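Notes follow the structure.
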Amino acid sequence: MAKVTYIEHDGTAHEVEGETGLTVMEIAVKNGVPGIDADCGGACACATCHVFVDEAFTGKTGTPSSMEESMLDFASERAENSRLSCQIKLSDELDGLTVRLPAFQG
Numbered sequence: 000m001a002k003v004t005y006i007e008h009d010g011t012a013h014e015v016e017g018e019t020g021l022t023v024m025e026i027a028v029k030n031g032v033p034g035i036d037a038d039c040g041g042a043c044a045c046a047t048c049h050v051f052v053d054e055a056f057t058g059k060t061g062t063p064s065s066m067e068e069s070m071l072d073f074a075s076e077r078a079e080n081s082r083l084s085c086q087i088k089l090s091d092e093l094d095g096l097t098v099r100l101p102a103f104q105g
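Residue numbering for the sequence shown is 0 to 105, as defined by numbering that gives the first Met the number 0.
See below:
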């Protein structure tokens, strides 16, 4: 188990525990975190689980695949630390991960 903090656009924080091996998107959906729409269910076929990874964790979450990069082109407010949460698998190394949510998904 590892903790993830999701911060909504308005600053509301949701700290939840998730099973390692699950994606950051799956943990958000299972815990009712608002702002993660996950329209494609985690198939990396949309950009409705877009998050901004906290600077302290960008090196630990890896780099987006070419498919993820293509989907991120559809994300609103894309930034250098943008990722699709369906593509980040939780590990012990990511315990304490903080992600911020954009104002709008997709």
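Positions of the beta carbon are idealized from the N, C-alpha and C atoms, including for glycine.
For clarity, every value in this text was computed on a predicted model and none was experimentally measured.
Relative to the alpha-carbon of residue i, which residue among the options has its alpha-carbon at the smallest distance?
i	options	result
M0	Q104, G105, G61, L89	L89
A12	P33, L21, E25	P33
A78	P101, T60, G61	P101
A42	K29, M70, G61, N30	M70
E14	H8, E7, T22, K2	K2
S75	F51, G105, V52	G105
F73	R99, G40, F103	F103
List the endpoints of the continuous alpha helix (DSSP H) containing residue i.
i	result
K88	Segment: none, K88 is in no alpha helix (DSSP H) and carries neither H nor E.
A27	23-29
Is residue i near the ligand GDP, in the sense that its beta carbon is under 7 angstroms from a heavy atom of that ligand?
i	result
D72	You won't find the ligand GDP in this model; it holds no ligand whatsoever.
Are residue i and residue j close, meaning C-beta to C-beta below 8 angstroms?
i	j	result
I35	C45	no
A37	V50	no
Determine the extent of the beta strand (DSSP E) in which residue i is found, giving its start and end residues.
i	result
E14	12-17
L100	Taken as a continuous stretch (DSSP letters only), L100 belongs to no beta strand (DSSP E), as it is neither H nor E.
S64	No beta strand (DSSP E) holds S64; DSSP gives it neither H nor E.
A44	It is not in any beta strand (DSSP E) - A44 carries neither H nor E in the DSSP assignment.
V32	Where V32 is concerned, there is no enclosing beta strand (DSSP E), given that its DSSP letter is neither H nor E.
Kindly give me the distance between the Cβ atoms of residue i and residue j, rounded to whole angstroms, as I take these residues to be in contact under 8 angstroms.
i	j	result
S81	M24	Not really, about 14 angstroms apart at Cβ, beyond 8 angstroms.
S60	I87	Ser is not the amino acid found at residue 60; the sequence shown has Thr there. That belief holds up - the Cβ atoms of T60 and I87 are roughly 5 angstroms apart, short of 8 angstroms.
Decide if the region 52-59 is in contact with the region 93-102; the criterion is three or more beta carbon pairs, one per stretch, under 8 angstroms apart. At 8 angstroms Cβ cutoff, the stretches touch.
On the three-pair Cβ rule with 8 angstroms, is the region 17-24 touching the region 62-74? When Cβ pairs closer than 8 angstroms are counted between the two stretches, the region 17-24 is seen not to touch the region 62-74, the count staying below three.
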